[in-house]
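Okay, so here's the structure we're looking at.
Shown next, in the form of structure tokens:
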């Protein structure tokens, strides 16, 4: 595990430079406790390597350079259609499970579902989560998440205390046809107050996204997949409290660096940083990890 | 020492940023090991009194820059008598370079005024920083949506300008990989504040060579640590790291 001071000191050492000397200043009498960094959001595509296993192995080495402990993967070896068929979903989930298997439980995975195929997805959830190694649900852009088709999937995931990651975006240039917004997720959250929901990408337009989910206490905010604009973590901690933020990177489309910098470079307390970098996600996953006997 | 080629003074129009008070930015940069920072002004994007923008920029760098801020003035080639702004940058303020925002100033790179500005800058030994964008166009303020600069005409424009020192900030954006390689071969330098993807800096170096890559943070709009950690993520050797953190930028200015 690594704390912020060690993290930034490591940067200077790794570079063979004293460039981060200011950040790597002498430890105080009461140094902060280490960060246990959990990265919620990784994909196999865009990573160095040929096979899924090779991609994960290479990515873990890169994660080590930044002190990132644990990675969560979802989806398959390709981005694929916005509205994947059951056959494609099964293949993607098989690819994900095969890729993470040698590294489990340092590397965990979520099952990728499409609410357009509810019956298949209920069975796929059971195959991959209830009876398989995966520990959460990933929903992308096939259908808006406020639709009633989502309800049975959310109920099933909630029974197993599996978190649900919903991609959200508010794109000035126009969303994809089935692409959810934070408002869609808030509507879903109101119907399922016990569900553990994650607002992916903070809605992209994070200053609005944070406000939209503010009153929905069972919705967490994920910081992955948008530019490292200064101030996002500060606003999120101020408006949501430190226990609703989750670090993720959206690697390989994004670097680990730009995304973790939103947290490491933020003017927030080390407690808030610790929760955002891993504590909140760990707490969210703990029930299903316990139920499955996984000890990461 | 780190040379950061892409910092910004004054106020971002739509959000307060940590570091946007006078004197705050150089202190934050010094804390992070930055020994020299090339500073433009956010005001240069939208203000029409560019001469005033540059005067304040030069003054703040001189008086409150803690000895590390190097001013890069704005020039808007669609304003009347922009040549005088260029002259003042070079002669009055003794700036080593200028920073251009074509998308905020409403011209494209095939505009003859752009080519003329580059020629004048080269003649005055002013380096030119061309900013392809300031923020993700998907999340801009609804009343100010500014598409990124289309840099595809650039190679043809710079071909006829000997002595030009050109650096692209916040790219490469939508430039094709082939265009990036050709621009780098023509001497254009690139920062990586907005260059994304896992080990993105290493991949950029593979593409164009380590000598054309410079450290730019887009601070304080971006969190500074992003650029620094991108270098760490890329696992570069010490020699390459030193080149992109400082040597390439210093060499670019001294040419």
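Protein chains in written order, with my numbering: chain A, 1 to 296; chain B, 297 to 551.
Quick reminder that beta carbons are idealized off the backbone N, C-alpha and C, glycines included.
Computed from a predicted structure; not experimentally measured.
Residues near residue i by beta carbon distance below 7 Å, same chain, minus five either side
i, result
"residue 261 (chain A)", "228"
"residue 271 (chain A)", "242"
"residue 357 (chain B)", "335, 365, 366 and 367"
"residue 118 (chain A)", "149, 152 and 153"
"residue 76 (chain A)", "44, 91, 92, 95 and 96"
"residue 319 (chain B)", "360"
Spatial neighbours of residue i in its chain, beta-carbon cut-off 6 Å, leaving aside the 5 residues before and after
i, result
"residue 490 (chain B)", "466"
"residue 381 (chain B)", "346, 347 and 371"
"residue 480 (chain B)", "504 and 508"
"residue 59 (chain A)", "47"
"residue 340 (chain B)", "349 and 370"
Residue i versus residue j - alpha carbon distance
i, j, result
"residue 384 (chain B)", "residue 372 (chain B)", "13 Å"
"residue 531 (chain B)", "residue 518 (chain B)", "22 Å"
"residue 274 (chain A)", "residue 290 (chain A)", "21 Å"
"residue 221 (chain A)", "residue 192 (chain A)", "17 Å"
"residue 542 (chain B)", "residue 131 (chain A)", "53 Å"
"residue 315 (chain B)", "residue 269 (chain A)", "18 Å"
"residue 429 (chain B)", "residue 160 (chain A)", "45 Å"
"residue 184 (chain A)", "residue 138 (chain A)", "16 Å"
"residue 140 (chain A)", "residue 114 (chain A)", "8 Å"
"residue 188 (chain A)", "residue 393 (chain B)", "53 Å"
"residue 311 (chain B)", "residue 207 (chain A)", "10 Å"
"residue 422 (chain B)", "residue 324 (chain B)", "27 Å"
"residue 223 (chain A)", "residue 199 (chain A)", "9 Å"
"residue 464 (chain B)", "residue 388 (chain B)", "25 Å"
"residue 212 (chain A)", "residue 186 (chain A)", "8 Å"
"residue 278 (chain A)", "residue 39 (chain A)", "7 Å"
"residue 337 (chain B)", "residue 304 (chain B)", "5 Å"
"residue 424 (chain B)", "residue 299 (chain B)", "16 Å"
"residue 496 (chain B)", "residue 521 (chain B)", "15 Å"
"residue 301 (chain A)", "residue 110 (chain A)", "Given that chain A is displayed from residue 1 to residue 296, the structure contains no residue 301 (chain A) and the question cannot be resolved."
"residue 64 (chain A)", "residue 106 (chain A)", "12 Å"
"residue 308 (chain B)", "residue 527 (chain B)", "26 Å"
"residue 462 (chain B)", "residue 225 (chain A)", "30 Å"
Span of the beta strand (DSSP E) around residue i
i, result
"residue 401 (chain B)", "Note, residue 401 (chain B): premise wrong, no beta strand (DSSP E); alpha helix (DSSP H) at 398-401."
"residue 222 (chain A)", "219-222"
"residue 335 (chain B)", "330-337"
"residue 300 (chain B)", "298-305"
"residue 161 (chain A)", "Residue 161 (chain A) -> no beta strand (DSSP E), and no H or E assigned at all."
"residue 186 (chain A)", "Careful: residue 186 (chain A) lies outside any beta strand (DSSP E), inside the alpha helix (DSSP H) at 182-191."
"residue 366 (chain B)", "365-370"
Extent of the continuous alpha helix (DSSP H) to which residue i belongs
i, result
"residue 238 (chain A)", "232-240"
"residue 206 (chain A)", "206-213"
"residue 425 (chain B)", "Counting along the chain, residue 425 (chain B) falls outside any alpha helix (DSSP H), though it belongs to the beta strand (DSSP E) covering 423-427."
"residue 308 (chain B)", "Run containing residue 308 (chain B): none; DSSP gives neither H nor E here."
"residue 528 (chain B)", "521-529"
"residue 247 (chain A)", "Where residue 247 (chain A) is concerned, there is no enclosing alpha helix (DSSP H), given that its DSSP letter is neither H nor E."
"residue 92 (chain A)", "86-100"
Residue burial classification, residue i (beta-carbon count within 10 angstroms, cutoff 16)
i, result
"residue 166 (chain A)", "buried"
"residue 286 (chain A)", "exposed"
"residue 78 (chain A)", "exposed"
"residue 473 (chain B)", "exposed"
"residue 524 (chain B)", "buried"
"residue 250 (chain A)", "buried"
"residue 81 (chain A)", "exposed"
"residue 547 (chain B)", "exposed"
"residue 267 (chain A)", "exposed"
"residue 374 (chain B)", "exposed"
"residue 534 (chain B)", "exposed"
"residue 456 (chain B)", "exposed"
"residue 353 (chain B)", "buried"
"residue 216 (chain A)", "buried"
"residue 87 (chain A)", "exposed"
"residue 276 (chain A)", "buried"
Any non-hydrogen atom of the ligand GDP closer than 8 Å to residue i Cβ
i, result
"residue 308 (chain B)", "Because no ligand of any kind appears in the structure shown, any question about the ligand GDP cannot be addressed here."
Neighbourhood of residue i by C-beta distance below 8 Å, restricted to the same chain and skipping five residues each side
i, result
"residue 142 (chain A)", "82, 83, 84, 114, 115, 116 and 178"
7 Å Cβ cut-off: residues of chain C touching residue i
i, result
"residue 205 (chain A)", "Absent from the structure: chain C. Protein chains present are A and B."
Residues of the segment 424-448 of chain B with Cβ closer than 8 Å to any Cβ of chain A, in chain order: Listed by position, the residues of the segment 424-448 of chain B near chain A (Cβ gap below 8 Å) are 431, 432, 433, 434, 435, 436, 438 and 441.
Give me the subset of the segment 32-57 of chain A whose CB atoms are less than 8 Å from a CB atom of chain B, sorted by chain position. Answer in chain order: 46, 47 and 48.
Got a sec: which bits of the segment 474-508 of chain B sit with their beta carbon under 8 Å from any beta carbon on chain A, in order along the chain? If you check each beta-carbon in the segment 474-508 of chain B against every beta-carbon of chain A, the ones closer than 8 Å belong to 490, 492, 493, 494, 495 and 496.
So if I threshold CB-CB distances at 7 Å, which residues from the segment 298-321 of chain B count as touching chain A? For chain A, the residues of the segment 298-321 of chain B that bring a beta carbon within less than 7 Å of one of its beta carbons are 298, 311, 313 and 314, in chain order.
Output needed in chain order: residues of the segment 514-548 of chain B with a Cβ under 7 Å from some Cβ in chain A. In summary, the residues of the segment 514-548 of chain B whose CB is separated from some CB of chain A by less than 7 Å are 516, 517, 518, 519, 520, 521, 522, 524, 525, 526, 527, 528, 529, 531, 534, 537, 538 and 541, in the order they occur in the chain.
At a Cβ cut of 9 Å, what residues of the segment 268-279 of chain A count as close to chain B, listed as they run along the chain? When CB distances to chain B are screened at a threshold of 9 Å, not a single residue of the segment 268-279 of chain A falls below it.
Taking Cβ-Cβ distances below 7 Å as the criterion, which residues of the segment 228-250 of chain A are in contact with chain B? Contact residues of the segment 228-250 of chain A toward chain B are 228, 229, 230 and 231 (C-beta to C-beta distance below 7 Å).
Residues, ordered as in the chain, of the segment 254-268 of chain A that lie near chain B by beta-carbon distance below 8 Å: Flagged, chain order: 254, 255, 256, 257, 258, 260, 261, 262, 264, 265, 266 and 267.
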